[in-house]
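Engineer: Those protein sequences? They're chains A and B, same order as listed. My numbering puts the first residue of the first sequence at 1, with every later residue one more than the last. My numbering puts the first residue of the second sequence at 1001, with every later residue one more than the last. Here a beta-carbon is modelled for each residue, glycine too, at the ideal position from N, C-alpha and C. Nothing here was measured: the structure is a model prediction, and the numbers come from that model. What follows is a structure written as structure tokens; I'll ask about it next.
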Amino acid sequence: MIGFEVKDKEKLPEPAVVKCPNCRNNITFITHAQASFVGCGSCHKFFETRGSGKGLSALKFFDVRKQVKPIIPIGAKGLLKEKLYAVVGFAKYKEVKAAYFWQEYVLWSPIHGYALLAEYDGHWNYFQFISDYSHGKAHHGSFDYNGHHYNLYNRYRSEVQYAEGEFFWDIRDDQVQYAEYIAPPYTITRILGNKELSWLLGEYIQPEDVKAAFNLGEDMPPQSGIGASEPFSTSVSFETLKPIAIAAACILLLLQVLFAMSSKEVQLNSNSYTLSDTGLGTALPSMAGPTFTLQETMLGKSSLEFKLQAPVVNNWFALGVTLVNTQSRREYDFEMGVEYYAGYTDGENWSEGSTRQDKIISALPAGTYHVILQPYRENFSSVNSFTLAVVQDVPIWSNFWVALGLLITFPAVQWFRSYTFEKRRWMNSDFTPYT
Amino acid sequence: MHVSSGTFLSCSVCSATLQFKAVNSFCLVCPNCQALNYRGAQQPNLLHLQLKPVQEDMSLIRIGTTGVVSDMPFEVIGRLQYFLRESYRSHWFLLYSNGSTGWLGDWEGSYSVFSRVEEVRNKFEHPVPGKKVQIQKAEYITERIENGRYVAGEGELGDFYLESDKFLSLYFYTTNAALALANIFISKKVDAFTGYYTSSKALNLQNLRQHHDWV
């Protein structure tokens, strides 16, 4: 043991300084007697503070070739998750059976105790010990905790390649087994050793938040791939959008049903027209259509449905329609057409097309309209008449389908992005649900 | 000789003047020589007559700190400090306003309230992390197994057992914040405690050590 006598009972002391027995450089003890183990940042030797002898008992040298400089210096203080921590220890780990490396910073506060800050491939997680969950030593593929569903992501043992600063546990113990369960942005890690069973709750932290918390000047390590607990999106994820989109679609459907039920569908006109035989080419002489008046509606504008029928058989008929508002003189043009073909080929009857077509013109202002018709037909066509009916205030389903399509598009895109994101996240796991 | 609270006594080793504050205190650590001074006939089993001086563990609590447990005000009047191979624990001894006493646990940023219970050793044999153990009719999960290194103390102390620095210390918990502790000695005697985890906010701790640099 080394002496950390209490010098001032009134206030917390400054860090203690002890000479490294190996290199004689100063080793700082921020946690004082809490530190059970300490690594010298100068000579890379690792000591036990409560060994059998007096002073620091040497345990091992870390290979200097495996040394990593901590991005957050030992002793740095930072406000993380509204808690003021000091970095008291730093360790570089390697997975025993794979070439995965990560760094851990031991955070400590006399008010909040210990926490860990882990960095792997530029992704950061803040861990705290929890005691309100345990499934013991059993292997679980998933479980629920605090309203989140956690899935097993990784199981491994680790070895420490380098460490400096203070530790309250023996980091050299490579018999410890870790099981990581994720529910992004959270991770729960089970630590199971010969002498310990403990649980850590981690939360993904953006590198910029770490940089800001500890006021770091250096660039943060670049991110690679998707972090195990990296959230897809905090604001517009598919899971967030799904209930909103379903609710909006239900409201849209309800409105459409209400509009459809309230539509009067008043027939303004229905006439049969005889075509002249004198037309040259396909264009026939234009003719006067019906005249009708649209009354002011609840929504201000009216929708009209034009229903065209012509006795076409193996030919076509088209009709140019011009609506002229008698007050504003504004014109509304559109075309309609029917075509119908039928025959007998290779022993089978076939047909395509129709002798009818309906067309809806929406949002026509109230007023009186003259209709001018411009018929077209195929040369040598036998079509010599057609029927045109005009119906006011018809339900318009096309707008509903367009709105529904737009409503679904963004969640669908987000779902696809989320799916590919999750697939990439689980690429690094032996327990991926994606095959 | 039975020593009442408030009466003065002389340290059995260095003759320093000492004074018990609590009627239910079991012993008192002489601040001069660290000798344990017992209440007369109450001293049956503490073989370790001198404790090591307490170490600086950066605890905010000190003797004189006050607080509340379940609406009952208390004052801290002593401390046992267990240093284990990989961890440490401070057991602060509390004097409640109604004259009763208890323990306040303080280690690694967690706070707990517990009291000593009688338990038999065979419950704690072959400890394995994760193993479930019945303690005082409740099922606990074995969390940690530690080897004792040394024990320090100050002020007045309640009933506890200590025969040497060599002991096995077991930590237990339940997922609803209950905890249990057991120190197993070579003589097969057991010093066990049960209680629950709490927070510094719930304890409403006052008269703490100054810690402006950490706020």
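Secondary structure at A:Y419, three-state DSSP: helix, strand or coil?
Structural biologist: Reduced to three states, the DSSP call for A:Y419 is helix.
Engineer: Could you give the distance in angstroms between the alpha-carbon of B:L1162 and the alpha-carbon of B:C1014?
Structural biologist: Approximately 22 angstroms between the Cα atoms of the pair.
Engineer: With burial defined as no fewer than 16 other Cβ atoms inside 10 Å of the residue's Cβ, what is the status of A:H32: buried or exposed?
Structural biologist: Burial call: buried.
Engineer: What residues are listed by DSSP as bridge partners for A:N271?
Structural biologist: Bridge partners of A:N271: A:L388.
Engineer: Considering only C-alpha positions, which residue in the set B:Y1038, B:S1025, B:L1168 and B:N1098 is nearest to B:R1121?
Structural biologist: It is B:L1168 whose Cα lies nearest to the Cα of B:R1121.
Engineer: Could you please give me the residues that DSSP links to B:S1112 through a beta bridge?
Structural biologist: Per DSSP, B:G1105 and B:Y1197.
Engineer: Have a look at A:I244 and A:A403 and give me their C-alpha separation to the nearest angstrom.
Structural biologist: Their Cα atoms are separated by approximately 15 angstroms.
Engineer: Say whether chain A places a C-beta atom closer than 8 angstroms to the C-beta of B:E1156.
Structural biologist: For B:E1156, the answer is no, since every Cβ of chain A falls outside 8 angstroms of its Cβ.
Engineer: Counting only beta-carbon separations shorter than 8 angstroms, does B:Y1226 have a partner in chain A?
Structural biologist: Missing from the structure shown is residue 1226 of chain B; chain B here goes from 1001 to 1215 and no further.
Engineer: In chain order, which alpha helix (DSSP H) runs of at least 4 residues are fully inside the region 202-258 of chain A?
Structural biologist: Counting only runs of 4 or more, we get 207-213.
Engineer: Distance, Cα to Cα, B:L1049 vs A:E95?
Structural biologist: Spanning the two alpha carbons is a distance of roughly 48 angstroms.
Engineer: Would you report the Cα separation of A:E159 and A:L117, rounded to the nearest angstrom?
Structural biologist: Rounded to the nearest angstrom, the two C-alpha atoms are 17 angstroms apart.
Engineer: Report yes if the C-beta distance between B:T1101 and B:F1114 is below 8 angstroms; otherwise report no.
Structural biologist: No, the pair does not count as a contact, with Cβ atoms beyond the cut-off.
Engineer: Nearest to A:W316 by alpha carbon, out of A:L308, A:S303 and A:T322?
Structural biologist: Nearest option by C-alpha distance: A:L308.
Engineer: State whether the region 41-59 of chain A contacts the region 11-24 of chain A, with contact taken as three or more CB pairs (one from each stretch) at a distance under 8 angstroms.
Structural biologist: The region 41-59 of chain A is in contact with the region 11-24 of chain A.
Engineer: May I ask you to list, following chain order, the residues of the region 1143-1155 of chain B that have a beta carbon less than 8 angstroms from some beta carbon of chain A?
Structural biologist: Listed in sequence order: E1143, R1144, I1145, E1146, R1149 and Y1150.
Engineer: Please name the residue or residues paired with B:N949 in a DSSP beta bridge.
Structural biologist: In this structure chain B extends from 1001 to 1215, so residue 949 of chain B is not present and cannot be described.
Engineer: On the premise that B:Q1034 lies in contact with B:L1051, defined as a C-beta separation below 8 angstroms, what is that separation, rounded to the nearest angstrom?
Structural biologist: Confirmed, Cβ separation roughly 5 angstroms.
Engineer: Go through the region 3-38 of chain A residue by residue and report every complete run of the beta strand (DSSP E) that reaches 3 residues or more, in order.
Structural biologist: Here the runs fully enclosed are 16-19 and 26-29.
Engineer: Could you tell me the distance, in whole angstroms, from the CA atom of A:D209 to the CA atom of A:P185?
Structural biologist: Distance between the alpha carbons of A:D209 and A:P185: 15 angstroms.
Engineer: For A:A91, tell me which candidate among A:L80, A:P110, A:P70 and A:L84 has the shortest Cα-Cα distance.
Structural biologist: Among A:L80, A:P110, A:P70 and A:L84, the Cα nearest to that of A:A91 is on A:P70.
Engineer: Consider the Cβ of A:R50: report whether some Cβ of chain B lies at a distance smaller than 8 angstroms.
Structural biologist: By this cut-off, A:R50 is an interface position.
Engineer: Applying the criterion that 16 or more other CB atoms from any shown protein chain within 10 Å of the CB defines a buried residue, is B:L1047 buried or exposed?
Structural biologist: In this prediction, B:L1047 has a pLDDT of 48, which is less than 50 and means its spatial position is unreliable; nothing more can be read from the coordinates.
Engineer: Can you pull the chain A residues whose beta carbon is under 7 angstroms from the beta carbon of B:T1175, in chain order?
Structural biologist: Per Cβ cutoff of 7 angstroms: D132, Y133 and S134.
Engineer: Who are the near neighbours of A:L254 in its chain, counting only those whose CB is closer than 7 angstroms to its CB and skipping five residues on each side?
Structural biologist: So no residue of the chain qualifies.
Engineer: Using only CA atoms, which one of B:K1189, B:I1186 and B:F1172 lies nearest to A:L197?
Structural biologist: Considering only alpha carbons, the answer is B:F1172.
Engineer: Alpha carbon to alpha carbon, what distance is there between A:W426 and A:V17?
Structural biologist: Rounded to whole angstroms, A:V17 to A:W426 spans 45 angstroms at the Cα level.
Engineer: Looking only at its own chain, which residues have a Cβ that is under 6 angstroms from the Cβ of A:F101, when we skip the five neighbours before and after it?
Structural biologist: The residues are K94.
Engineer: State whether the region 211-221 of chain A contacts the region 125-138 of chain A, with contact taken as three or more CB pairs (one from each stretch) at a distance under 8 angstroms.
Structural biologist: Result no; under three Cβ-Cβ pairs closer than 8 angstroms.
Engineer: Are the Cβ atoms of A:Q34 and B:D1106 separated by less than 8 angstroms?
Structural biologist: No, the pair does not count as a contact, with Cβ atoms beyond the cut-off.
Engineer: If you draw a straight line from the alpha carbon of A:Y382 to that of A:G347, how long is it in whole angstroms?
Structural biologist: Per the sequence shown, residue 382 of chain A should be read as Ser rather than Tyr. Those two C-alpha atoms are separated by around 27 angstroms.
Engineer: Are the CB atoms of A:N314 and A:P290 within a distance shorter than 8 angstroms?
Structural biologist: It is not a contact, given that the beta carbons lie outside the stated cut-off.
Engineer: Would you mind telling me which residues of chain A sit closer than 8 angstroms to B:L1060, beta carbon to beta carbon, in chain order?
Structural biologist: By Cβ distance, chain A contributes L12, P110 and I111.
Engineer: Consider the Cβ of B:Q1210: report whether some Cβ of chain A lies at a distance smaller than 8 angstroms.
Structural biologist: Closer than 8 angstroms: yes.
Engineer: Which same chain residues, not among the five before or five after A:Y332, have their C-beta less than 6 angstroms away from its C-beta?
Structural biologist: Correct list, in chain order: L323.
Engineer: Given this structure, state the Cα-to-Cα distance separating A:Y240 from A:L407, to the nearest angstrom.
Structural biologist: The sequence shown places Thr at residue 240 of chain A, rather than the Tyr named in the question. Distance between the alpha carbons of A:T240 and A:L407: 14 angstroms.
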